[in-house]
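Residue numbers (our numbering), protein chains in the order written: chain A, 1 to 90; chain B, 101 to 190; chain C, 201 to 290; chain D, 301 to 390. Here's the structure we're looking at; comments come further down.
4 protein chains.
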Amino acid sequence: MAHTIHSKKQLLTRVRRIKGQAEALERALDDEKECSAVLQQIAAIRGAINGLMSEVMEGYIREHLSPDVPEQQRNEDLEKLVSVIRSYLK
Amino acid sequence: MAHTIHSKKQLLTRVRRIKGQAEALERALDDEKECSAVLQQIAAIRGAINGLMSEVMEGYIREHLSPDVPEQQRNEDLEKLVSVIRSYLK
Amino acid sequence: MAHTIHSKKQLLTRVRRIKGQAEALERALDDEKECSAVLQQIAAIRGAINGLMSEVMEGYIREHLSPDVPEQQRNEDLEKLVSVIRSYLK
Amino acid sequence: MAHTIHSKKQLLTRVRRIKGQAEALERALDDEKECSAVLQQIAAIRGAINGLMSEVMEGYIREHLSPDVPEQQRNEDLEKLVSVIRSYLK
Numbered sequence: 001m002a003h004t005i006h007s008k009k010q011l012l013t014r015v016r017r018i019k020g021q022a023e024a025l026e027r028a029l030d031d032e033k034e035c036s037a038v039l040q041q042i043a044a045i046r047g048a049i050n051g052l053m054s055e056v057m058e059g060y061i062r063e064h065l066s067p068d069v070p071e072q073q074r075n076e077d078l079e080k081l082v083s084v085i086r087s088y089l090k
Numbered sequence: 101m102a103h104t105i106h107s108k109k110q111l112l113t114r115v116r117r118i119k120g121q122a123e124a125l126e127r128a129l130d131d132e133k134e135c136s137a138v139l140q141q142i143a144a145i146r147g148a149i150n151g152l153m154s155e156v157m158e159g160y161i162r163e164h165l166s167p168d169v170p171e172q173q174r175n176e177d178l179e180k181l182v183s184v185i186r187s188y189l190k
Numbered sequence: 201m202a203h204t205i206h207s208k209k210q211l212l213t214r215v216r217r218i219k220g221q222a223e224a225l226e227r228a229l230d231d232e233k234e235c236s237a238v239l240q241q242i243a244a245i246r247g248a249i250n251g252l253m254s255e256v257m258e259g260y261i262r263e264h265l266s267p268d269v270p271e272q273q274r275n276e277d278l279e280k281l282v283s284v285i286r287s288y289l290k
Numbered sequence: 301m302a303h304t305i306h307s308k309k310q311l312l313t314r315v316r317r318i319k320g321q322a323e324a325l326e327r328a329l330d331d332e333k334e335c336s337a338v339l340q341q342i343a344a345i346r347g348a349i350n351g352l353m354s355e356v357m358e359g360y361i362r363e364h365l366s367p368d369v370p371e372q373q374r375n376e377d378l379e380k381l382v383s384v385i386r387s388y389l390k
C-alpha cells in the first residue's frame, strides 16, 4: 500500500493545516492587516510546505524504491523522484 | 496606503490560487492519487509561495522603507523585514 | 562607506570559511570519501551561503536604502536588490 | 563503485567552479566592489550548490538504494539520505 495511503491521516492533517494558513493569509489581506504580519504568515506556510515535502519524499523513497517493488515500476518511480528533486532543489 | 492594500486584488488572487492548490492536494491524498503527482503538487505550491513572498517583500521594501515614512516607523518596519529575511533565507 | 567595507573583515571571514568548505569538499571527492559525508558537506556549504546572503542583504537594506542616500542612487540600488530577491526566492 | 567515484571528474569540475566563485567573491569584497555585484555573486554560488546537491543526491539514490546493495548497507544509506533531505528541505 502506498505510503501516502497508510500515512494518509497524518498527511491530510498537515495539508489541512496549510490550507488553514492560506485561509488565514487571505483574511489578513482582506482585513488589510499589517504587512509584516503578512510576510511572517507567508514564511510560515513555506516552512510547512517544506516539512510536508520532506515527509512525503521520505515515504516515497522508503516505499517506491524498495527492493520488493518490481524492477520496471521501481525504475519509473525513481525517475519521477529524480525530476521532483531537480525542480525542488533548483 | 500600504502596498498590500493597493495591490490587494492581485495578492488575493495569488493567495486564493495557493488555497486552491492546497485543496487539490487534499483531494489527491483523499482520493489516494499517485504519489509522484502528490510530490509535484507540493513542489508547485512551494513555487507559488516563493513567488508570493518575493512580490510582498518587494512591495514592502518600496513602501515601508521609503524616505517619506517617518523615521521611527521606518526603522521599526526595517527591523521586521530583516527578521523575516533571516528566517526565510535560513 | 558601503556596508561591505565597514563589515569587510567579518564578511571576508565568512567567505574564506565557505572557500575552505569547498576545498574540503574537493578533497573528500578526490579521496573518494563516503558519499553521505559528501552530501552533508554540500548541505553545510548551502547553509553558510544562505547565512552570508542574509547578512549582506541586511547590510544592503540598511545602507543603500537609507533616506540619506541621494534619491536617484537610492532608486537604482533598490531595483538591484529587488532583482536579487526575485532570483534568490524563485 | 560509488557514484561519486565514477562521476568523480564531473563532480570535481563543479566543486572547483564553486571554489573559484568563492575566490572571486573574496576578491570582490577585498577590492570593495559594488555591493549589488556581491549579492549577485552570492546568489550564483547558491545556485551552483543546489545544482551540485541535486546531482549528488540523484547519484546517491540510483546507486546506494539499488536492490543489488546488501540489505543492511542499503538501510543504513537510506537513513543517511533521509537525514540530509530533512535538513536540506527545512
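Every residue gets a Cβ at the ideal spot worked out from N, C-alpha and C, and that includes glycine. On a predicted model such as this, the values are computed, not experimentally measured, just so you know.
Under 9 angstroms from the C-beta of residue i: neighbouring residues of chain C
| i | result |
| --- | --- |
| residue 182 (chain B) | 254, 257, 258, 261 and 262 |
Residues near residue i by beta carbon distance below 8 angstroms, same chain, minus five either side
| i | result |
| --- | --- |
| residue 151 (chain B) | 114 |
| residue 211 (chain C) | 204, 252, 255 and 256 |
| residue 248 (chain C) | 214, 217, 218 and 221 |
| residue 242 (chain C) | 225 |
| residue 264 (chain D) | The displayed coordinates of chain D run from 301 to 390. Any statement about residue 264 (chain D) would go beyond what the structure contains. |
| residue 238 (chain C) | 225, 228 and 229 |
| residue 188 (chain B) | 153 |
Anticipated Cβ contact below 8 angstroms, residue i with residue j, distance rounded
| i | j | result |
| --- | --- | --- |
| residue 165 (chain B) | residue 174 (chain B) | 6 angstroms |
| residue 136 (chain B) | residue 77 (chain A) | 7 angstroms |
| residue 258 (chain C) | residue 185 (chain B) | 6 angstroms |
| residue 170 (chain B) | residue 267 (chain C) | In fact, because the Cβ distance is near 11 angstroms, the residues do not count as touching under 8 angstroms. |
Amino acids of chain B, ordered along the chain, whose beta-carbon sits closer than 9 angstroms to that of residue i
| i | result |
| --- | --- |
| residue 73 (chain A) | What residue 73 (chain A) touches in chain B: nothing, since even the nearest Cβ is about 12 angstroms away. |
| residue 229 (chain C) | Within 9 angstroms Cβ-Cβ: nothing; residue 229 (chain C) doesn't reach chain B, min ~27 angstroms. |
| residue 77 (chain A) | 135 and 136 |
Within chain B, the residues that residue i reaches when beta carbons sit closer than 8 angstroms
| i | result |
| --- | --- |
| residue 286 (chain C) | 154 and 158 |
Closer than 7 angstroms at the beta carbon, the chain D residues around residue i
| i | result |
| --- | --- |
| residue 33 (chain A) | In chain order: nothing, as chain D lies at least about 27 angstroms away. |
Cut-off 6 angstroms between Cβ atoms - residues of its own chain near residue i, not counting five sequence neighbours on either side
| i | result |
| --- | --- |
| residue 408 (chain D) | Residue numbering for chain D in the displayed model covers 301 to 390; residue 408 (chain D) lies beyond these limits and cannot be assessed. |
| residue 83 (chain A) | none |
8 angstroms Cβ cut-off: residues of chain D touching residue i
| i | result |
| --- | --- |
| residue 67 (chain A) | 367, 371 and 374 |
Other residues of its chain near residue i: CB distance less than 7 angstroms, five sequence neighbours each side excluded
| i | result |
| --- | --- |
| residue 207 (chain C) | 259 |
> If contact means a Cβ-Cβ distance below 9 angstroms, which residues of the stretch 303-327 of chain D contact chain A?
Replying inline: Listed in sequence order: no entries.
> Are at least three pairs of beta-carbons, each pair with one atom in the stretch 310-330 of chain D and one in the stretch 217-225 of chain C, less than 8 angstroms apart?
Replying inline: The count of Cβ pairs closer than 8 angstroms, one atom from the stretch 310-330 of chain D and one from the stretch 217-225 of chain C, reaches three, so the stretches are in contact.
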